Structure formats: C-alpha cells, structure tokens
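Residue numbers (this note's numbering): 935 to 1177. Don't be surprised by glycine CBs; every beta carbon is placed ideally from N, CA and C. Please read these numbers as outputs of a predicted model, since none were measured by experiment. For reference, the structure is listed below as structure tokens.
Here is the structure:
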C-alpha cells in the first residue's frame, strides 16, 4: 500500500523550546529525523511544521514540509492537516507518524510498521522487549499488553499502560511512540473525543482502543532515544558519533 511518512514538529515544546532546530553534530535535529525516515524507503517524507522556521530549515535540506496550524492539540491533528494539504486526493493509503525528536531512530522500525498493516489492523506500532529492570516499574516507560507467538513478530495489542503489566513470568514490552495508520483510521481517530482511559493514563493510543479500533504491535530490537531535554541531546550526539 502506498505510504506517506509524516513528522510533526513545533518549536513551542514545554521542556525544550526550539527542540526541532537544536543542533546535533552541526545539523538541526529535525533534519536528522527527516533523513532517518527517508532511509526507511517507505515513500515520501513530509514534515508537518507548526512554525515557518521549521519549514525553511527542512526545505533548505531538500525535504518536504507544510506549515500547519500552530495551535493543534496533538501531533495527530497536525499530521492529519498536513496529509489533507499534501494529498487531497487520497493517493496514500498508509500514513506513518514518526516523531520529530528521534534522531537515532533505526529506519527499519519505520519500514516494519508501514508493512504491518497488510494483515487488517487499523494502526500498527512498534514495541521492544524491556531488558533493564528499572524500566519495568517506571511509569514513564509505557508497556504494551501483547503476547507474541514463538517465531512471530506481530500480534494484536490488547492495551497500553504505565503500570507493570502483564502480571506473571514472561517478557514485558516497551512501547515506542511511532504509528502507522490506515488513512481512514487516522481520519476517524482525530475526529474522536479523548477517551476515559486515555485521560487517566495520558496515553493517546487508548482512544483508538476504546473506540474499537485494532492496533497491532510489531516487535523490534531497539528503542530509539527520544530527545526531551538538553541532556538527551548530548546523549543523542554521542550515539550518532559512535554509529
């Protein structure tokens, strides 16, 4: 199915204002993310920008960008505006949401999510097995309630939680905030009001599950570093230097 990769980005981040334009090895972070998404080979990559400065930087790097309403309540709403602007005729059946703060993202994760929708899911999202004990009880590490049959790397996600789940022996899975949507699923998702469990757990993907949509989890090997603070930026730079 034809895919369009969209990266939402805005300058007014609470914890790290101006984050998309922060320099990593002499290059703005949003450009690193753009290049990683392009390397996935899933289709065109579009930056859904909340600010004209981001559009300018992306276009100077040879990328595609559209300016969106700066007041969108979420990245999903920003993406949907960009999709309608860039592809009004609906030529792209799959929309992949790649966050603009993942400069160390493995492009294979993007490709794995885009290809996962062939089995009938509305949404696909990656997970990785938790290997650090501290992360199993960390509420900032979102867990996917999912079981993979032996030899399988795709399964239906039953829910997502900040709690330590599921109970008992067996692996726990760290949810990675990247999504592939069927186009009609994204359109439906942004039209829905926030769900009760979404508001309680502060996890947007629960809105889709509460509305009866199917989310498949794709098992991947690495968790990309999300840059939320200047300290994370330093860590990302070190990782990219070592790559």
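Are the beta-carbon atoms of residue 970 and residue 1060 separated by less than 8 Å? Residue 1060 is positioned such that its CB atom lies no closer than 8 Å to that of residue 970.
6 Å Cβ shell around residue 1158 - same chain, five flanking residues per side excluded: Excluding the 5 residues flanking it on each side, residue 1158 has same chain C-beta neighbours closer than 6 Å at 1036, 1038, 1039, in chain order.
Residue environment, residue 1125, which counts as buried when at least 16 other CB atoms sit within 10 Å: Taking every protein chain shown into account, the CB of residue 1125 has fewer than 16 other CB atoms within 10 angstroms, so this residue is exposed.
Opposing strand residues paired with residue 961 [DSSP bridges]: Residue 961 pairs with 958.
CA-CA distance, residue 940 and residue 1062? About 22 Å.
Spatially closest choice to residue 1148 from 965, 1055, 1117, by CA coordinates: In this structure, 1055 is the residue among 965, 1055, 1117 with its C-alpha nearest to the C-alpha of residue 1148.
Restricting to runs no shorter than 3 residues, where is the beta strand (DSSP E) found entirely within the segment 1040 to 1122? You should have 1057 to 1063, 1077 to 1079, 1088 to 1090, 1093 to 1095, 1107 to 1109, 1113 to 1116.
Check whether the segment 1003 to 1017 touches the segment 1067 to 1076, counting contact only when three or more Cβ pairs, one atom from each stretch, lie closer than 8 Å. The segment 1003 to 1017 vs the segment 1067 to 1076: no contact.
Run the CB neighbour count on residue 1031, radius 10 Å, all protein chains shown included, and call it buried at 16 or more, exposed below. Residue burial annotation: residue 1031 is buried, with at least 16 other C-beta atoms found within 10 angstroms of its C-beta.
Among the residues of its own chain, which have a CB less than 8 Å from the CB of residue 1090, if the five just before and after it don't count? Closer than 8 Å at the Cβ level, and outside the excluded window around residue 1090, lie 1055, 1080, 1148, 1149, 1150, 1151.
Apply the 10 Å Cβ neighbour rule to residue 1177 and answer buried if 16 or more other Cβ atoms are within range, or exposed otherwise. With fewer than 16 other Cβ atoms within 10 Å, it is exposed.
Classify residue 1008 as helix, strand or coil using the three-state DSSP reduction. When secondary structure is reduced to three states using DSSP, residue 1008 falls in the coil class, being assigned neither helix nor strand.
In or out: residue 1102 buried (at least 16 other Cβ within 10 Å) or exposed? That one is exposed.
Measure how close the beta-carbons of residue 998 and residue 981 come, nearest whole angstrom, since I'm counting them as under 8 Å. About 7 Å separates the two Cβ atoms, so the contact holds.
Compare the Cα-Cα distances from residue 1077 to each of 1053, 1050, 1105 and report the closest residue. It is 1105.
Measure the C-alpha to C-alpha separation of residue 1113 and residue 1144 and round it to an integer number of angstroms. Rounded to the nearest angstrom, the two C-alpha atoms are 17 Å apart.
Determine the extent of the alpha helix (DSSP H) in which residue 1126 is found, giving its start and end residues. Looking at the DSSP string, residue 1126 is not in any alpha helix (DSSP H), and its letter there is neither H nor E.
Of the choices 1146, 1136, 1086, 1134, whose alpha-carbon is the least far from that of residue 1092? The option with the nearest alpha carbon to residue 1092 is 1146.
Look up residue 1131 in the DSSP assignment and say whether it is helix, strand or coil. Under the three-state reduction of DSSP output, residue 1131 falls in the helix class.
Span separating the alpha-carbon of residue 1085 from that of residue 1154: Between residue 1085 and residue 1154, the C-alpha separation is close to 13 Å.
Residues in the same chain with beta-carbon distance under 7 Å from residue 1137, minus the five sequence neighbours each way, listed in chain order, please. The beta carbon of residue 1137 lies closer than 7 Å to those of 1076, 1094 in the same chain, with the five residues before and after it left out.
Give the secondary structure of residue 1028 by DSSP, where H, G and I count as helix, E and B as strand, and everything else as coil. DSSP places residue 1028 in strand when its eight states are reduced to three.
Taking residue 1026 as the reference, which of 978, 1010, 1156 has the closest Cα? Of the residues 978, 1010, 1156, the one whose Cα lies closest to the Cα of residue 1026 is 978.
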